[in-house]
Amino acid sequence: MTTRVTDEMLMAFVDGELDPAAAESVRRATANDAALARRAEAFRTTRQMARDAFVDLKAEPVPEALVAAVLRGESSKVVAFSSRRRFMQTALPIAASIAIAFGLAGYWFGQRSAPGGADPLGGGIVAEALGETPSGNERTIRASNGEARLRTLATYKVDRGLCRTFEMSPAGSQGAVRGVGCDLGSGWNVGMAAAHGGDGTYAPAAAGATGSIDAYLDALDAQGPLSPEEEAVIIGDKGR
Amino acid sequence: MAVDIRHRMVALLPRLRAFAHALARSGDAADDLVQATCEKALRAADTWTPGTRLDSWMFRIMQNQWIDEKRRQRPQTSIDEPGAGLQIAGEDGAKTAEARLTLGSVRSLIGEMPEELRSVLVLVCVEDMSYRDAAEVLDVPVGTVMSRLARARRTLIEAVDGEEHRPTRATGAPS
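Going down the list, the protein sequences come from chains C and H.
Under my numbering, the residue at position 6 of the first sequence is numbered 6, and the numbers go up by one with no gaps.
Under my numbering, the residue at position 94 of the second sequence is numbered 1094, and the numbers go up by one with no gaps.
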């Protein structure tokens, strides 16, 4: 080989960080030098090794205390989007995510074993729990297709009542549905839900589940989230 | 209204935890670091520019928070005691005589690396950040990111080579 290829160059090459000309010269060098090619491959492998070392951690459910700390945290002003404008922009993704979530939730909560589809979402059970469970708490709910854990995450004041965000996951599963339910004067109803995977990310896209929950709450002009004290006045604790 | 950035932060939590583990290594300290980072980020939310990367911004806050914490705690206990493994849930480094490195031994190797190598390894290889983005998070030049990253990955390569050639692998823990 004519020019010396350093470890840094090999590494940047397999990471796709070299400009085209430099990449081409490394490519040519590795094509003519089997040892160099093996070393490049070794660098490529280390990325996967590092990733594998963190797979378990990233698949682990995030401790609820952290989620609650974020959702209830005091925030400076906080990104003043125009609620309406944002809703218009996100209206389509919401429709899509609701469709996805209905399919998923239907699967988990026993759509097929609930003939007639009286309550295919298991929404009634969730809705009941929403009226009773303090934020950050978890309870087990029984749907027609088995048990699921339901966590209420936060409570928001909206024009005509209250909305609450929640996460539910079937017993023994990593996946979960995140959603929002509201009581707009006629009792609690599940407004929307979206799936997020067990890999620690929220599917279908980063803006999927949480993004559409935002938009849903935005559309209702939600204020909040309420502090635990404010919430305690409103949310009963009958269920515990 | 407050909903937007909070939910985006919640979605980032698994990634924040991974970076926090790279810095703090122990699970409890890592989650404390995540929480402190989120609180700081929420208080400073109006300084984040919508449209820019929220993840980079929060990683940077975490990095600074960690430096602050270490500075505060150093007189009492040394957090960065050498030899401490990376505590990540999962079975720990079973010392089998396999030809390939086990997940556990990769974790120990990463845990034994100096912090500045661990953090860059996680940002680039686990979080898929570009060298430039990682440099911005860590507030160092891109060249420094490259040399640290190469050192970190060389440690892994040498360990694999060691395993392949001799049952006793050269630990070569960098000082």
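Glycine residues also receive a C-beta, built at the ideal position from the N, C-alpha and C atoms.
| Query | Result |
| --- | --- |
| Cα-Cα separation, residue 1069/H to residue 1158/H | 33 Å |
| Under 9 Å from the C-beta of residue 1134/H: neighbouring residues of chain C | Those do not exist, as residue 1134/H stays about 11 Å from chain C at its closest Cβ, beyond 9 Å. |
| Chain H contacts made by the region 50-74 of chain C, where a contact means CB separation under 7 Å | 50, 51, 52, 53, 54, 56, 57, 58, 60, 62, 63, 66, 67, 69, 70, 71, 73 and 74 |
| Any alpha helix (DSSP H) of 4 or more consecutive residues that is wholly inside the region 148-184 of chain C | none |
| Residue 1123/H Cβ short of 8 Å to the ligand ADP heavy atom set | For the ligand ADP, the structure offers nothing, since it holds no ligand at all. |
| CB of residue 166/C within 9 Å of CB of residue 184/C, strictly | no |
| Exposed unless 16 or more other CB atoms sit within 10 angstroms - verdict on residue 30/C | buried |
| Cβ-Cβ distance between residue 1021/H and residue 213/C below 9 Å | no |
| Residue closest to residue 1062/H, alpha-carbon to alpha-carbon, out of 1164/H, 1154/H and 1139/H | 1139/H |
| For residue 5/C and residue 21/C, the rounded distance between their alpha carbons | 14 Å |
| Beta-ladder partner(s) of residue 234/C, from DSSP | The partner list for residue 234/C (beta bridge, DSSP) is empty, contrary to what the question assumes. |
| Assigned secondary structure, residue 136/C (DSSP; H/G/I helix, E/B strand, else coil) | coil |
| CB contact below 9 Å: residue 19/C versus chain H | no |
| Local conformation of residue 188/C per DSSP, three classes | strand |
| Any 3 or more C-beta pairs closer than 8 Å across the region 30-47 of chain C and the region 1145-1165 of chain H | yes |
| Residues within the region 29-50 of chain C neighbouring chain H, beta-carbon criterion of under 7 Å | 42, 43, 46, 47, 49 and 50 |
| Alpha carbon of residue 136/C to alpha carbon of residue 24/C, nearest angstrom | 54 Å |
| Residues of its chain near residue 1128/H, where Cβ-Cβ distance is below 6 Å and the 5 sequence neighbours each way are ignored | none |
| Under 7 Å from the C-beta of residue 1156/H: neighbouring residues of chain C | 46 and 49 |
| Length of the line joining the Cα atoms of residue 1016/H and residue 1023/H | 11 Å |
| Close beta carbons around residue 1045/H, own chain, < 8 Å, minus the five adjacent residues each side | 1005 |
| Listed by chain order, chain H residues near residue 12/C by CB distance under 8 Å | 1131 and 1146 |
| Closest Cα partner of residue 1109/H within the set 1040/H, 1151/H, 1142/H and 1144/H | 1151/H |
| Within chain H, the residues that residue 147/C reaches when beta carbons sit closer than 8 Å | Those within 8 Å of residue 147/C in chain H number zero; the least Cβ separation is about 24 Å. |
| Three-state secondary structure (DSSP) of residue 1050/H | strand |
| Close beta carbons around residue 7/C, own chain, < 6 Å, minus the five adjacent residues each side | none |
| Option nearest residue 171/C by Cα separation, candidates 147/C, 157/C, 191/C and 161/C | 147/C |
| Environment of residue 1143/H [buried if 16+ CB atoms lie within 10 Å] | exposed |
| Cα-Cα separation between residue 1033/H and residue 1019/H, rounded to whole angstroms | 10 Å |
| Buried or exposed (CB count within 10 angstroms, at least 16 for buried), residue 233/C | exposed |
| Any C-beta of chain C under 9 Å from that of residue 1099/H | Here the model assigns residue 1099/H a pLDDT of 39, short of 50, so the residue's position is not dependable, and the following value carries that caveat. So, not an interface residue. |
| Nearest-angstrom Cβ-Cβ length linking residue 180/C and residue 221/C, presumed shorter than 8 Å | At roughly 14 Å, the Cβ-Cβ gap does not stay under 8 Å, so residue 180/C and residue 221/C are not in contact. |
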